[in-house]
Each structure stands twice: as structure tokens, then as C-alpha cells.
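Numbering (this note's numbering), first residue to last: 42 to 461.
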């Protein structure tokens, strides 16, 4: 008995359709627009769970945000543009952030070029960064905004070339772009010079860096193992240096590193190592500049049960010339630990046909005896409406440790988003 397979039937229908199209001509054909766009409107609000006397109960988050992204696709290039407008209750004014304005195209069949304002990221860490020298927005991260806003844009040239032996990523930033760091305007912070919390206004106002940044990555996939080597010449992304006039500045540094990512058992592991070379204080005797450090990151993630994912990381930073640091420090008792350690755990659980996402991310430092808890729940009602609620909870036994200094900044937040 003769039968027609599904593939044969599809082929036959396609032939008939093509014949009909030839007979009717292309009068009914429609052209796809080269333009595409997306965006959202979001209302976000936060309330401190504790009292920070420096802020007089000021909310850490209060805004109505409009995000818009546009893309133009051509045979030879793509044009990308995205921006944010928002009314900021904390700043008391309308704010603007140009997230992307670039073109990308290919050269010689093996090199991709992105020129203009862009967001770049690499490395293996989950909210921990060793060889990712690109700017971060810590104000957004601690305020309760979407995690995507942790990454900040920069005006740069990115070249990615693909070869048989390895691939090359080169990012050149003509004028160094620092982090959007905590400066006292929205969160108070510990001052190592005054030995107390300061804030309520812009207490950290560094001179803007002018030097060029260079970031290089060599990477390849070898039998399922993701291997990468990194090099960077530029600045400390936060102003942890102080000059002779007592003005904060972004100290110069080099970074050399490597990473490995692969599968093991039922999960994925990653290993990342980096050496952060302090160019402004090679001997480690200047108390006004951070010493060089070795940084190591180990991580593992897997699905524990259906819909429940777990990720764990161990991070350590070893400060070089530590004895010299303590000998020359103004206040040795509040200096960073020689081998500062941080462990993280991430739990993500999907329910209600993946519409409801429960998340918990925890940073804990056994050396600093402080922690940072990020619980959240997100409900996706449909393709347009999303609702998010969460908390930013800091704990610490000492006010000078990294997370401990933000204990009074603990807050609850909620976000309502309409996507289009």
C-alpha cells in the first residue's frame, strides 16, 4: 500500500504554493520592515526597613521609568539604540540614560565589529566579577532595580575575530568608564578616613578618569570545555585611591586572568583566576592606594529537583604585601582581611507553568562576618504585565566591612512593569 509521508506532503504543498505564487505574481507579497522596537513602562518603589539617620527616612527607590529599544537591520550592518527616561523621586528630577547607540557589522568574513555606546560583559561569575572590567551600576543593584541594570554602558569599539585555533575579543574604550559607585547620595557608606558612616549627599566626588582602557580576551571551546584568557589595562572601576590633595581618584591597574567552564555530573562548574596589579603602588606601602590582589572564584550549578535550580560560588581575594599595608595604614583595625572570602548561594524555583518565579541570592563573608540577602518573587501575568516584589537585606557585625556598612540601607521594594 502506497502512503505519503509528512515530509513528502509538506514538500508537495510547498510546490503547489510556489506554482500558485508564480501564476498570481507577487502582488500579494509583503515586505518586512527593517525596523523593530520594544520597550516597557515600569513603576518602582522601595522603603527602608531600618533607620538611617543620615537620610531622614528617604526612600532608596521611587521612579516611573520608560525604556525604549530600536533596531534597524540592513544587509551590511545593524543599528541599535536604547534609552531610559525616568522620573526619580530620590533625585527629584527627570533622568536620562542612553543604554545603547551603536552599529555592528562584519569585516573579512571572520570579524564582528560593534562601534558606539554598548554594554559588554564576560567572565564566568554570577554577580561576582574577576576578569570583567566593564562598568557596573551598584546604585541600581542595591536599590532594587532589575538585575539587568547592574551592567552600565560605555562608549567603545569591540572587535571579535574567529579563528580555527582560538577566538579574539578586543574592547577599546577611548575614555575610561568607571562604575556607578556608591557616593553617599542614596546610601551612606563607611569612610576609612573619618572612621564613621557618611552620607546624605555626594561625599565621594572623584576626578573623572581620562585614560584609555584596553580589554582583551582569547577564548575557545575545546571538546565541551570553555577556555579563556584575559588581559586588561585601565583603572580601578571605583575610586579607591586618594591623591596628595585628598581627592579620590581611579587608580591605574592591569589585570591578567583565565577561566574554565564545563560540565561535571549533572551540573556545570566554573573556575576563574585573576591578578589585579596596582600600578600606582607596586610595593604596597602607600596607604592611599589599594594593594595588588590575587582573586579566585569557584562555582557549581545544577537542577536539584524539577524547576528548582541551585548555584554555589566560593570567592577569595588575597591582598599582596599585607604586612606593609598594615604597617603603613592609618587605621589598621579597619583594613580589609588579607584573605577575604565570600560564598554565594542562588535558588530559583519556577511554579504556575513558569509564570511565578521565586528567587533567593545570598552573599555571605565568613572573614567579614557580614551578608547580603536578595529574596524576590516575580509574577508574569501575560506577555505585557509583570509584577515583582523583593528585599535588599544587609547584615554585619562591623560597620567597616563591605556589606556591613550598608546595614541601615536594608529595604523592601516592588515593581510593576508593562511591556510593549
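Every residue gets a Cβ at the ideal spot worked out from N, C-alpha and C, and that includes glycine.
Q | Buried/exposed call for residue 243, threshold 16 Cβ in 10 Å | A | exposed
**Q.** Distance between residue 161 and residue 351 (C-alpha atoms, nearest Å)
**A.** 26 Å
(Q) Using only the alpha-carbon positions, how far apart do residue 260 and residue 93 sit? (A) 46 Å
Q: Could you check which residue in 103, 302, 325, 170 has the C-alpha nearest to that of residue 186?
A: 103
Q) Among the residues of its own chain, which have a CB less than 6 Å from the CB of residue 212, if the five just before and after it don't count? A) 161, 197, 199, 256
Q: Could you name each continuous beta strand (DSSP E) segment of 3 residues or more that falls completely within the segment 101-141, going from the start of the chain to the end?
A: 103-114, 119-129
Q. Straight-line CA distance for residue 85 to residue 447?
A. 21 Å
Q: Starting from residue 426, trace the beta strand (DSSP E) both ways and give me its first and last residue.
A: 426-437
Q. Per DSSP, residue 380 is paired with what?
A. 359
Q | Start-to-end residues for the beta strand (DSSP E) that takes in residue 399 | A | 397-406
Q | Three-state secondary structure (DSSP) of residue 372 | A | coil
Q | Spatial neighbours of residue 315 in its chain, beta-carbon cut-off 6 Å, leaving aside the 5 residues before and after | A | 171, 172, 296, 298, 336
Q | Option nearest residue 459 by Cα separation, candidates 427, 339, 122, 450 | A | 427
Q: Quick one: using the 10 Å Cβ neighbour count with 16 as the cut-off for buried, is residue 493 buried or exposed?
A: Past the edges of the chain, shown from 42 to 461, lies residue 493, and the structure says nothing about it.
Q. Is it right to say residue 74 is buried, meaning 16 or more other beta carbons lie within 10 angstroms of its own, or is it exposed?
A. exposed
Q: May I have the straight-line CA-CA distance separating residue 134 from residue 128, to the nearest angstrom?
A: 6 Å
Q: Jot down the residue ranges of each uninterrupted beta strand (DSSP E) in the segment 240-286, minimum 3 residues, whole runs only, in chain order.
A: 254-263, 266-276
Q) In the DSSP assignment, what are the bridge partners of residue 350? A) 344, 389
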